[in-house]
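Numbering (the working numbering), first residue to last: 853 to 1059. Glycine included, each C-beta is placed from N, C-alpha and C at the ideal position.
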Amino acid sequence: MSDLSNPSIIRIARADGEEALAAPIDLADRVRTLRKERGWTLEQAAQAAGLARSTLSKIENGQMSPTYDGLKKLAEGLGISVPQLFTPPRHGSPGGRMATTMAGQGEAHVTTTYEHELLAGALTRKSMLPYRATIHARKFEDFNGWVRHDGEEFLFVLTGQIRLFTEFYAPIDMKRGDSAYYDASMGHNVVSLSPEDATILWVTSLA
């Protein structure tokens, strides 16, 4: 809920139930910046927000503090939430990090069940771990129990057919183009159903 006695301050509910107080910013400058980022004239922005052009002009020039209803209209017109009106824009320069891995040149890790080819190995402190996997396993019993680890995981079938076993769900048969996203702390295993070893793209979160 916003503090309407000072429209440049807003209290934002967090996931833990507490309220975070956003740092005060210049609402007039923020609205003007958001409008110009969209390439809109005052008339266009006012029309999108359902406000009079003169009202929007006064807001942008710091001559008027909008009511909460006005803030809602303004946010909706700009295509953002009310809290985003009070969130300072990020001005940090792009990190520019990049890594390419040519086909077959990833770092190999071979086990009896999977053959992993780690991708983007040149980057350190990654937030994601992408790798291409060739699935040797043909039945659940090929594994020594469940595979489980921290983070979340995305799986995309590249070739062949697989069966995805998970601890809390029935097995799922998947073919090329199918994908799954799941909690990696839940037990999971993958086996090939096709005569040839299936291949999949796995991306695991590290954060």
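Burial state of residue i (16 or more Cβ within 10 Å)
{"i": "MET954", "result": "exposed"}
{"i": "GLY1012", "result": "buried"}
{"i": "GLU914", "result": "Per the sequence shown, the amino acid found at residue 914 is Gly instead of Glu. Exposed, by the Cβ-count rule."}
{"i": "LEU1010", "result": "exposed"}
{"i": "ARG977", "result": "exposed"}
{"i": "VAL883", "result": "buried"}
C-beta atoms of residue i and residue j nearer than 8 Å
{"i": "ARG990", "j": "VAL1043", "result": "yes"}
{"i": "PHE995", "j": "THR1018", "result": "no"}
{"i": "LEU908", "j": "LEU886", "result": "no"}
{"i": "ALA951", "j": "ALA972", "result": "yes"}
{"i": "GLY929", "j": "ALA901", "result": "yes"}
Reduced DSSP secondary structure (H/G/I, E/B, other) of residue i
{"i": "GLU959", "result": "strand"}
{"i": "ARG994", "result": "In the sequence as presented, Arg is not what sits at residue 994; that position holds Asp. The answer is helix: DSSP assigns ASP994 an H, G or I state."}
{"i": "GLU1048", "result": "coil"}
{"i": "ALA985", "result": "strand"}
{"i": "ALA927", "result": "helix"}
{"i": "PHE938", "result": "coil"}
{"i": "LEU975", "result": "coil"}
In DSSP terms, what residue i is bridged to
{"i": "LYS1027", "result": "GLN1013"}
{"i": "HIS1040", "result": "VAL999, THR1018"}
{"i": "SER933", "result": "In DSSP, SER933 forms no bridge with anything."}
{"i": "PHE1006", "result": "TYR1033, VAL1055"}
{"i": "MET980", "result": "SER1057"}
Residue i at chain B interface by Cβ criterion, 8 Å
{"i": "SER906", "result": "Judged by its chain identifiers, the structure shown contains no chain B, having just a single protein chain."}
query = What are the uninterrupted segments assigned as alpha helix (DSSP H) that are 4 or more residues long and contained completely in the stretch 868 to 925, given in chain order?
reply = 879 to 889, 894 to 901, 905 to 912
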